[in-house]
Each structure stands twice: as C-alpha cells, then as structure tokens.
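Student:
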Amino acid sequence: MYHITGCLGITFGYHRLLTHKSFETKVGVEFFLTICGLLVLQANSIDWISDHRIHHLYSDDAADKHNSKRGFYGHI
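Under the working numbering, think of the first position of the sequence shown as 1, with each following residue one higher.
(1) Excluding sequence positions up to five away, which residues of its chain have a Cβ less than 8 Å from the Cβ of leucine 38?
(2) Distance, Cα to Cα, cysteine 7 vs isoleucine 54?
(3) Let me know the secondary structure DSSP gives leucine 41 once reduced to three states.
(4) Measure the CB-CB distance between isoleucine 149 and leucine 18 and report whether it falls below 7 Å.
(5) Beta-carbon separation of serine 11 and valine 40 under 7 Å?
(6) Could you give the first and the last residue of the continuous alpha helix (DSSP H) run that contains isoleucine 10?
(7) Buried or exposed: which applies to tyrosine 14, given that a residue is buried once 16 or more other Cβ atoms fall within 10 Å of its Cβ?
(8) Could you give the first and the last residue of the continuous alpha helix (DSSP H) run that contains histidine 3?
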C-alpha cells in the first residue's frame, strides 16, 4: 500500500502535478493524488512543493536542503 500511495501521491501528485505542473487533471483526481501524498507522511503538500521548488532553485548549493554533496544527510 505504501508503494502505491508513494508512487501516486508523491511522484504523480506532489512532484509532477503540483510542483512542476507537468499535466492537468480533474479536481477529483488532483484531490485523490493529494490525499495519497498525505498518506505517505513525508510532508503536507504546501511544504513539500515549496521545499522541492527551492531545491531546484539552489541545486547542489548551500541553500539546497537536499544537497547531494551532504551525502546521506542531504535526504533527511
């Protein structure tokens, strides 16, 4: 179940739909994908999206919370 909600909620919902606006969908599908994202317990949609947009603005820089140069701690 976690794999399903993770793929639908985080990958399709939070990441592709809400952060990058890669596709458009009906409001009901957007709501469903957002709920799946919440079930993964990574963060609420607003925090997740803002963190990811900041990550893209400052990729591999000191301001990037997910800087790969920080090794393991770059993803905590």
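Every residue gets a Cβ at the ideal spot worked out from N, C-alpha and C, and that includes glycine.
Tutor: In short, the structure shows the following:
(1) The residue labelled residue 38 in the question sits at position 38 within the sequence shown. Counting only Cβ-Cβ distances below 8 Å, and skipping sequence neighbours, we find Gly9, Asn44, Ser45.
(2) To locate residue 7, count along the sequence shown from 1; it is residue 7. To locate residue 54, count along the sequence shown from 1; it is residue 54. Going by the C-alpha atoms only, they are around 22 Å apart.
(3) Taking the sequence shown and counting its residues from 1, one reaches residue 41 at position 41. Leucine 41 falls in the coil class under three-state DSSP.
(4) Only positions 1 to 76 of the chain appear in this structure, which leaves residue 149 out of reach.
(5) As a first step, residue 11 must be located in the sequence shown, where it is residue number 11. As a first step, residue 40 must be located in the sequence shown, where it is residue number 40. The sequence shown places threonine at residue 11, rather than the serine named in the question. No. Outside cutoff.
(6) Along the sequence shown, one-based indexing puts residue 10 at 10. Isoleucine 10 -> no alpha helix (DSSP H), and no H or E assigned at all.
(7) Working through the sequence shown from its first residue, we reach residue 14 at position 14. Tyrosine 14 sits buried, since 16 or more C-beta atoms from the chains shown fall within 10 Å of its C-beta.
(8) As a position in the sequence shown, residue 3 is number 3, starting the count at 1. It spans 2–5 - the alpha helix (DSSP H) in which histidine 3 sits, taken as one unbroken run.
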